[in-house]
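Here is the structure we will look at.
Number of protein chains: 2
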Amino acid sequence: MHPDPTTLVSFFRPNGVALIGASGDPTKLGYGILVNLLHPQFGYPGPVYPVNPKAEEILGRPCYPDILSVPDPVELAVIIVPAEMIPSLLEDCGKRGLKAAIIISGGFREVGPEGEERERLCLEIARRYGMRLMGPNGIGVIDTHTPLNTTFAAGLHGLGYIDFVSQSGALCGGIIDWAQARGLHFSRFLSIGNKVDVSESDLLDYLAADDHSRVITLYLEDIRDGSAFLAAARKASLHKSVLALKSGRTHSGQAATASHTGALAGVHAAFRAACKQAGLIEVDGIENLFGAALALAHQPLPRGNRIAILTNAGGPAALAADALEPAGLTLAHTGPETRAALRAFLNPSAVTDGPVDMLGGAGESHYRRALQALLADPANDGILLILVPMVLIDPQAILQTLVSVIRDSGTRKPVLACLMGEASLKGAFAVADEGGLPAYRFPEDAVQAFGIMRRRALWLETEHPLPEPPSGLAPQRARDLLSAARRNGRRALDAAAARALLEAYGISTPQDRLATTPDETARFAAEIGFPVALKLASPDILHKTEVGGVLLNVSDEAAAREGWQAIVRRARAAHPQAEIRGVQVQQMVTDGQEVILGVKRDPVFGPLVMFGLGGVYVEALADVSFRLAPLSRQDAEEMIGEVRAAKLLEGLRGAPPADRAALVEAIVRIGQLAADCPEIEELDVNPLMVLPAGRGALAADVRVILSEV
Amino acid sequence: MHPDPTTLVSFFRPNGVALIGASGDPTKLGYGILVNLLHPQFGYPGPVYPVNPKAEEILGRPCYPDILSVPDPVELAVIIVPAEMIPSLLEDCGKRGLKAAIIISGGFREVGPEGEERERLCLEIARRYGMRLMGPNGIGVIDTHTPLNTTFAAGLHGLGYIDFVSQSGALCGGIIDWAQARGLHFSRFLSIGNKVDVSESDLLDYLAADDHSRVITLYLEDIRDGSAFLAAARKASLHKSVLALKSGRTHSGQAATASHTGALAGVHAAFRAACKQAGLIEVDGIENLFGAALALAHQPLPRGNRIAILTNAGGPAALAADALEPAGLTLAHTGPETRAALRAFLNPSAVTDGPVDMLGGAGESHYRRALQALLADPANDGILLILVPMVLIDPQAILQTLVSVIRDSGTRKPVLACLMGEASLKGAFAVADEGGLPAYRFPEDAVQAFGIMRRRALWLETEHPLPEPPSGLAPQRARDLLSAARRNGRRALDAAAARALLEAYGISTPQDRLATTPDETARFAAEIGFPVALKLASPDILHKTEVGGVLLNVSDEAAAREGWQAIVRRARAAHPQAEIRGVQVQQMVTDGQEVILGVKRDPVFGPLVMFGLGGVYVEALADVSFRLAPLSRQDAEEMIGEVRAAKLLEGLRGAPPADRAALVEAIVRIGQLAADCPEIEELDVNPLMVLPAGRGALAADVRVILSEV
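Sequence lines, in order, name chains A and B. Residues 1 to 709 (our numbering) make up the first sequence, in order. Residues 1001 to 1709 (our numbering) make up the second sequence, in order.
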């Protein structure tokens, strides 16, 4: 990430724009861009300079042979010429003192090593001159407030409050086309393409501080610098809602992304964790992305989860009600006063509780009075207006009324509309768009938007402290243990070192002693107290269970002696070459709840911490949650909350509740350990025994794999 | 359900239609209906008779004072007059020999007891004259093939192949309005309203056999006769795809439905199970309902799950690829020949594997040749065409080409399109609609439709035998046990009777003896073999664990003696009044996998069988599945497959796989027991111990609750 995000202003409000590759030929992109720049109503208001050595004048403007000959003021270059010409043109831009360039042309990393080298060169030139680059291989910038449109896509005209940052230029084209027909308005469209310089992280920084937008939406295919993204996203989401749609979420999707951008998509779990920790809202489709953005841009956030429904048709209201629960919302019941008020003017058969169903005859005055009553009703936190076209009603007039009721009420309650239909509702949709009343075609979409608004409200209502290192760490001890293993050429820590590593970060392990003979085994077991567990001690055998190297519930001295012999015999048989140090005699923890903590280093986001309940829940159900390290206590709490089987920690069927505080502490400490020690590639505490409340947690077994040197 | 579905033809192709309540006043519904009936192009081609005593002529047609004076031929009455007049009018219709009547007016069960009584009366009159009734409180029938439109909703004109049956009239209005703008065509719109006579089940029967439709879509709010629905749905789904959207799926949704229709909505689990067992496809939103119907109506089913993607933009393709996996599909890789063929004419930077990304410059000929190559490629089972509007391409011309390539190829491979945008794609959408190429605005919607097509194909590829009673049942023994309990005034069977009930249906239980003294306990335990379980025997205490009435792993005679005393002491302390018969000494099954089988009687669909893994999986994770009894072996197999924790049955971490055949058998037998014995209100086998393969399954504990008499 570039150090100074304010330099990005040159992309949005430049003082003079040169178009290198301008063309008078309507079949060329350099023509389309110039038309947009010069648009009489929505074009750039400052000076525009076509640059093309082969023309003297284009679209009535004087054309310059090169950027060096363009007069002052000029701040931004838009470049649409073959890729191989671009490095030397960028040199010229630098010499001419430009502050920013948008490279629209393709022919860079997406075409292979040669293009990658070209991209690197462009960045080097830009850095040398202190110039910012957007692209290459993106369609550029639309800013409806400046206004400025450096793309060849026409049609994004109305002033809006939603920023869209997209790693796919083509997607921008499709969305502009769709938004135009839907009355969806944007503040900015930013196509970052191959993001050789300006990335989503830089833009998040800049856009968060900008007052032309209220919501930032992102379409991403890969993230290259995980920590920059996390930091920028954290900061941005304090200021405004940020919604993210990322492709490469599934196996097949990842393949598609990889072939498309030539970029290695990060594992999705890490991205998802980053969103959660930063307060970004992840969505899974384009329609959701903009449906939610529309609501967030135009309506206040709901202060609770009780949504009232006002309708002229029961069916769509029932479908809306069904959608509430999965979206984390609940159906508001109308307060008694409201019910009385409604009964005074509604059809006697109308339903005044649950969804308020005014029936098909409801007209303008019914909608007006019912909406007024619901706005005044403290029993709801938001209102969904449903209108189905009926004969003898005028949807457009009703919408006009609804929009003015909302405006006149000065309410701080969110109102969304579902206008079910299309052919007879064009006018109604237009009135809603004009009036800042988000309107959806289907009840489910409106409810989904409400759900996302509520999530945003909950995020803002909660403190999100940054992770802080817990106390009592011995990082030097941890480093020593890891470098000792490295010196010995080991990829896996032996059991004693692994336990010592945890202890260095304040994570307790059961009592444990290494017995080298059967008699020692019996003696240690008696000292620790029966029952004990016996575990093979060998640095060369990772999966001890598979070779019969683990015995649990060993209950007396005779069994302890036999156990030593059986374990060592089996290990020798299975791995004749392995170094066998003896058998560990371990305190058995019998009354704890088994959980798993894991760490896996993500190539983009660094250490990813996993939490799940004991063995089968993880293996059979994949009921686990992830966060990036380091984590705050609250991150750890949320992680636990996401795992469905974590209910077991509350103590089911009379079992005592587990020591949740100790579990949280262990998760935080594991995260800190992983964050502090980049040598740790993978780590599994399996199981961590969470004892009954007040008694702590013990890491019963731990496996640590180091990264390759 | 009425015995003869063929009588319904009078609603669709009547010989003469009378409109009772016809009006010349354009603000009345009776005017709108008449206009639709008489529409010059899409109106009913047979005789139409306005009936209204106050007019001599309406819209140029002679008006009749009453139905009795209407001349021949007349078969169907459409009634839109105040509810209180309707019973006597129906009498007249009967006398006049009409075969069917559609009651559009409201004022029936939805307004309370008086309306309910009126509805009952109407049904009685209709039955007496052998007349069928549709409604009341629905908007009637549109049949685009006849054509006939008895509703007041204008606009559904194009000939289509999708039937829509709706319990909400208003929803019909909204959907007609939307479909009209979207170019979605229907064969029939059937608004069943309060369904006093004709229900969704009757219509499924009729529509399945009709060749004017290819897909049936349902919007339902309640089902009143579960077994009629199941039977009709089973039969219908053999003939064509049936898609169902039901409201009242969640707690809040149920409230909405109940207030809307005044009907008690069945528990959703039972409806969902009915859909699965009948081959109906349940969807969760209106857009999905019609998105899938469009694909099913116009494209062949995919023979496998490999979907190829052809695109001019990477972003939407990546999103489509992401959506494949959750929809049960996978991304097709292009075969080597196809890749070579594509490379011959595509941009060198184009991607020819994974999604075939032709890049933004792709035009008509690229789309044509690439589609031809993919249609010929055996490595895919279906093709998703994605087109994003770009400057310099003509989407409409491209669509024309694509539609003719598909037609000319005579392919049996499904092709769907995603046209991302709207403003510049109106022509392209129109061409796709005309050409029978289903086109969606967003990649996720197209993939969802593919997923539903694949589900339908899989359903058709599998045999679905009807449930058959297993062998070796002793139903008389079961009935005796139940009536004995009834005679003794018990709601719950005691343990011995409950076990005997299972044994009567061939479900094994562990060895078990009732010990009345501590010494007996020790002796029986020794005979059965240690370890044993001890369980309180009391008909009055249902939840034995809660009073400390269960001891497991009792390992010697002394412990057995002490166990008896402890259990009896605790039971007496907790429930001084309870009858305590002693302690059951039970064989401990230690090496099985614990599962739960349950039965709960649904008020609409009858006994609902539940399956889940042992205790915590059910309680903490709600990881369970449901089917209606009786079930086939295949139903039972599918039930097991739906439970995620059922992976444990395969034997994780070296455990032996469990006896799945025995589990299937136990599920089928429990279902048969529940189906045969209506006295059983609830039944829980918890746990059923499924032993290692070949060794069967044992019902370790069972609880049976009888229905109130």
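Here a beta-carbon is modelled for each residue, glycine too, at the ideal position from N, C-alpha and C. Treat the numbers as computed from the prediction; the structure is a model and nothing was measured.
Span of the alpha helix (DSSP H), counted from its first residue to its last, around residue i
i, result
"Phe958(B)", "Residue 958(B) cannot be examined here, being either before or after the span of chain B that is shown, 1001 to 1709."
"Cys172(A)", "Gly169 to Arg182"
"Pro475(A)", "Pro475 to Arg487"
"Tyr44(A)", "Unbroken run through Tyr44(A): none, as it is neither H nor E."
"Ser199(A)", "Taken as a continuous stretch (DSSP letters only), Ser199(A) belongs to no alpha helix (DSSP H), as it is neither H nor E."
Closer than 9 Å to chain B by CB, residue i
i, result
"Phe164(A)", "no"
"His260(A)", "Residue placement at His260(A) is poorly supported in this model, since its pLDDT is 34, which falls under 50; the coordinates are not used for a value here."
"Ser23(A)", "no"
"Ala308(A)", "no"
"Lys544(A)", "no"
Cβ of residue i within 9 Å of any chain A Cβ
i, result
"Ile1058(B)", "no"
"Asn1553(B)", "no"
"Ala1269(B)", "no"
"Met1453(B)", "no"
"Ile1281(B)", "no"
"Leu1691(B)", "no"
"Met1390(B)", "yes"
"Gly1266(B)", "A caution first: Gly1266(B) carries a pLDDT of 41, below 50, which makes its placement in the model unreliable, though a value can still be read off. It does not: the Cβ of Gly1266(B) has no partner Cβ on chain A nearer than 9 Å."
"Asn1686(B)", "no"
"Gly1016(B)", "no"
Residues bridged to residue i (per DSSP)
i, result
"Leu1536(B)", "Val1583(B)"
"Arg1513(B)", "Val1585(B)"
"Asn149(A)", "Ile142(A)"
"Ile383(A)", "Ala308(A) and Val415(A)"
"Tyr440(A)", "Cys418(A)"
"Glu682(A)", "Lys600(A) and Ile705(A)"
Nearest-angstrom Cα separation, counted from residue j out to residue i
i, j, result
"Val388(A)", "Ala1666(B)", "50 Å"
"Glu1119(B)", "Arg1188(B)", "25 Å"
"Ile33(A)", "Asp222(A)", "27 Å"
"Thr517(A)", "Asp591(A)", "29 Å"
"Gly1140(B)", "Ile1192(B)", "7 Å"
"Val51(A)", "Leu76(A)", "13 Å"
"Glu1637(B)", "Ala1645(B)", "14 Å"
"Val1009(B)", "Lys1413(B)", "35 Å"
"Met358(A)", "Leu1148(B)", "30 Å"
"Leu1301(B)", "Arg1369(B)", "23 Å"
"Asp1322(B)", "Thr151(A)", "28 Å"
"Ser1213(B)", "Thr1462(B)", "23 Å"
"Gly612(A)", "Leu683(A)", "14 Å"
"Arg86(A)", "Gly115(A)", "Before going on, a small fix: residue 86(A) reads as Ile here, not Arg. Spanning the two alpha carbons is a distance of roughly 11 Å."
First and last residue of the uninterrupted beta strand (DSSP E) at residue i
i, result
"Cys1418(B)", "Val1415 to Leu1419"
"Arg1188(B)", "Phe1186 to Ser1191"
"Val215(A)", "Val215 to Leu220"
"Arg118(A)", "Careful: Arg118(A) lies outside any beta strand (DSSP E), inside the alpha helix (DSSP H) at Pro113 to Tyr129."
Inset, instruction - Anything in the segment 1217–1233 of chain B with a Cβ closer than 7 Å to a Cβ of chain A? List those residues in chain order, please. - result: Tyr1219 and Glu1221
Inset, instruction - Below 9 Å between beta carbons is the criterion; list the residues of the segment 1150–1183 of chain B that meet it against any residue of chain A, in chain order. - result: Phe1152, Ala1153, Ala1154, Gly1155, Ser1166, Gln1167, Ser1168, Gly1169, Ala1170, Leu1171, Cys1172, Gly1173, Gly1174, Ile1175, Ile1176, Asp1177, Trp1178, Ala1179, Gln1180, Ala1181 and Arg1182
Legend entry - Residues in the segment 432–445 of chain A having any Cβ partner in chain B nearer than 9 Å: Arg441, Phe442, Pro443, Glu444 and Asp445
Legend entry - Contact residues within the segment 1404–1433 of chain B, judged by C-beta distance below 8 Å to chain A: Met1420, Gly1421, Glu1422, Ala1423, Ser1424 and Leu1425
Inset, instruction - Mind checking the segment 1029–1047 of chain B against chain A and listing, in chain order, the residues whose C-beta falls within less than 8 Å of any C-beta there? - result: Leu1029 and Gly1032
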